[in-house]
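I have placed the structure first, in the form of structure tokens, so that the comments after it can refer back to it.
Numbering (this note's numbering), first residue to last: 1 to 473.
Right, here's the structure in full:
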């Protein structure tokens, strides 16, 4: 499992668990809080009604007095109210009163008059001067049938002469509780959703930074040029990237020197040996023609040494670069025409034909000089290996966000043993015309240029004959 995915799942789990815990905690507190609020209001109501019922209680007219008629009128009321989106169409408060013995002397429902309520907690405690309240179920197994009872004392001449109880079914508060639960659930979904979005964004940001760092590490391990990735907002990873870059520079510097010293030493042996041998022969008595021949050999070998040094310095400058210095649009057709113009004398000398098929819109972003140099190297190789009256074909096709150039020549196929080594520094094949080998650095230069432009180069035998060099930019 990817590191970023593990972070995202861990973050999601934490947000979900904490969110659910908080919502469940609040959810469990809603019902008690609402009932506590209702109980506080019922205390006020019970005490108010205890005062209102006292005249009829003393006069013994509870069944037909003003209080009874007021309660009957109350029961017939229809509030038609809408409280926070919940409709209330009927009143649901029950009122009953007992005498000092706990016998019911008034009941708004008319069902309990004459019954002994002295053992009910609301009546029992109130008649003893304490706060009396209870919650009871009409049906024992059904919590939805619970009713809250709150009592207040009926005082006559300073003594407790009875108790008045107001009762309210808890199911009347259920719509508000369910509405609050729904709001909490939606809040939880919103919180988790926002948490997921934030976690996904954070994971993407971290994954992108780690991915860029990983790509950089892979490029370093593969020896490809790559700039140290910029990681704004992530100091730790930026420091790590910088450390990797510095380590790469040190390791590459050491390996670079070792490799080039070894390769250059090997490559210089042949021309130096030729120069030494020709110089020794010049010490002998030679006729002018022989002396001129050996002097020409020394000159050619010196030129070869100079060419090796120049190309090696050129390659060294490119290989130490990790990114392009200039980013500009480069027309591949224009670049090809410039290079072909410079190589026209060689094409004419070898009677080599040319087919050019590069669309006018073929353009890439990069350094014009380097792209022309890469084309020059590939075309020079194609000319070197194309026989007289042969043909070189240059085509360009779009490839994703870039372009692919193909340079096909009619020369001999490359031996199988040589294909894996093409592009190695100082490795070159003999020319078909018997001329001196190249420096073996041209294809290495081209590959470095292509990699700086995010592409690559390959050289293979064409199924129809000849050799094709593919340059991707």
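The C-beta atom is built at its ideal place from N, Cα and C for all residues, glycine as well.
Just so it is clear, the structure is predicted and the values come from calculations on it, not from any experiment.
In this structure, the CA atom of residue 155 is about 9 angstroms from the CA atom of residue 163. DSSP places residue 120 in the coil class of the three-state scheme, outside both helix and strand. The segment 103 to 119 makes no contact with the segment 195 to 213; the number of CB pairs closer than 8 angstroms stays below 3. Under the rule that a run must span 4 or more residues, the alpha helix (DSSP H) segments found entirely inside the segment 317 to 362 read 332 to 349. Per DSSP, residue 73 is not a residue of any beta strand (DSSP E); the alpha helix (DSSP H) it occupies stretches across 66 to 75.
Residue 358 and residue 332 do touch by the CB rule: their CB atoms are close to 5 angstroms apart, below 8 angstroms. Within the same chain, 298, 301 come within 6 angstroms of residue 275 by CB-CB distance, once the 5 residues on both sides are set aside. Closest in alpha carbon position to residue 25, among 185, 56, 52, is 185. The C-beta separation of residue 165 from residue 149 comes to about 5 angstroms, placing the pair in contact by the 8 angstroms criterion. In chain order, 91 place their CB closer than 7 angstroms to the CB of residue 74, counting only its own chain and leaving out the 5 sequence neighbours on each side.
Looking only at 52, 444, 55, 109, the smallest Cα-Cα distance to residue 456 is reached by 444. Collapsing the DSSP output to three states places residue 34 in a helix. The C-alpha of residue 372 is placed about 15 angstroms away from the C-alpha of residue 396. Taken atom to atom, the span from the alpha-carbon of residue 178 to that of residue 18 is near 22 angstroms. Assigned with DSSP and collapsed to three states, residue 175 falls in helix. Using a C-beta cut-off of 8 angstroms, the segment 413 to 430 makes no contact with the segment 388 to 403, since fewer than three inter-stretch Cβ pairs fall below that distance. Annotation: the continuous alpha helix (DSSP H) that includes residue 445 extends over 442 to 452.
Excluding its 5 nearest sequence neighbours in each direction, residue 364 has C-beta neighbours in its own chain below 8 angstroms: 329, 330, 332, 371, 402, 403, 453, 473, listed in chain order. Counting C-beta pairs with one atom in each stretch, the segment 167 to 181 and the segment 26 to 35 have three or more that are closer than 8 angstroms, which means they touch. Proximity to residue 133 across 151, 139, 146 peaks at 151, based on C-alpha coordinates. Taking one beta carbon from each stretch, the segment 97 to 113 and the segment 61 to 75 have 3 or more pairs nearer than 8 angstroms; the two touch. When secondary structure is reduced to three states using DSSP, residue 55 falls in the helix class. Collapsing the DSSP output to three states places residue 378 in a helix. It is roughly 38 angstroms from the alpha-carbon of residue 286 to the alpha-carbon of residue 381. Under the Cβ criterion (8 angstroms, minimum of three pairs), the segment 383 to 390 counts as touching the segment 348 to 357.
If you check the CB distance, residue 244 and residue 196 do not come in under 9 angstroms. Residue state for residue 112 is assigned as coil, using DSSP reduced to three classes.
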